[in-house]
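Colleague: Numbering (this note's numbering), first residue to last: 79 to 191. Glycine residues also receive a C-beta, built at the ideal position from the N, C-alpha and C atoms. It should be emphasised that the depicted structure is a prediction, and the values quoted were computed from it without experimental measurement. Below are the structure tokens for one structure; questions will follow.
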């Protein structure tokens, strides 16, 4: 799976801890659905100048035979104006969404003739 996992860091430097988390979550997806062809993870840190805060965005594309599953998590601001999630939490939320969508995709494949 390592050869089929692509991690893109945009507006933030690569981080070994976040990469390890992504690799762990990707391995879990492959256990659930062994026919995954590739996983692309894009991490972006949006900087908002008006309050000097960074907001993480995580986008995941999973290529499978006969389709793809796409999920994103864009961290929103809490009531105090700061981002609700740090990058690790945003990664976890995005992979949770991906897992749910992959389960739905798997169900559709089972139910189609």
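#1: Would you list the one or two residues that DSSP bridges to residue 118?
#2: Taking the alpha carbon of residue 98 as the point to measure from, which residue in 115, 176, 169 and 178 has its own alpha carbon closest?
#3: If you count every other CB in all the chains shown that lies within 10 Å of the CB of residue 186, and 16 or more means buried, which is it?
#4: Taking C-alpha atoms, which residue in 132, 167, 82 and 189 lies nearest to residue 114?
#5: Cβ of residue 180 within 8 Å of Cβ of residue 123?
#6: Is it right to say residue 143 is buried, meaning 16 or more other beta carbons lie within 10 angstroms of its own, or is it exposed?
#7: Starting from residue 113, follow the beta strand (DSSP E) in both directions and report where the run begins and ends.
#8: In terms of residue numbering, what span does the alpha helix (DSSP H) encompassing residue 178 cover?
#9: How many Å lie between residue 91 and residue 116 at the Cα?
#10: Which of the three DSSP states is assigned to residue 124 in this structure?
#11: At a cut-off of 7 Å, would you count residue 101 as near the ligand NAP, judging by its Cβ distance to the nearest heavy atom?
Modeller: The relevant details are as follows:
#1: As a working mapping, residue 118 is identified with position 40 in the chain shown. In the DSSP output, where bridge partners are listed per residue, residue 118 has 84 and 139.
#2: Reading the chain shown from its first residue, position 20 is the one you call residue 98. Minimum Cα distance to residue 98 is reached at 169.
#3: As a first step, residue 186 is located in the chain shown; it is residue number 108 there, counting from the start. When all chains shown are included, residue 186 counts as exposed.
#4: Here the question's residue 114 lines up with position 36 in the chain shown. Measuring from the Cα of residue 114, the nearest candidate turns out to be 82.
#5: Sequence index remark: in the chain shown, residue 180 carries index 102 (1-based). Sequence index remark: in the chain shown, residue 123 carries index 45 (1-based). Their beta carbons are not under 8 Å apart, which means residue 180 does not touch residue 123 by this criterion.
#6: On the chain shown, position 65 is the one that residue 143 refers to. Burial call: exposed.
#7: The residue you call residue 113 lines up with position 35 of the chain shown. Element bounds for residue 113: n/a, residue is neither H nor E.
#8: Working through the chain shown from its first residue, we reach residue 178 at position 100. Where residue 178 is concerned, the enclosing alpha helix (DSSP H) stretches over 165-189.
#9: Taking the chain shown and counting its residues from 1, the one referred to as residue 91 is at position 13. Taking the chain shown and counting its residues from 1, the one referred to as residue 116 is at position 38. Looking at the two C-alpha atoms, the distance is approximately 23 Å.
#10: Stepping through the chain shown from its first residue, residue 124 is reached at position 46. Three-state DSSP puts residue 124 in a strand.
#11: In the structure on display, the ligand NAP does not appear, and there are no ligands present to speak of.
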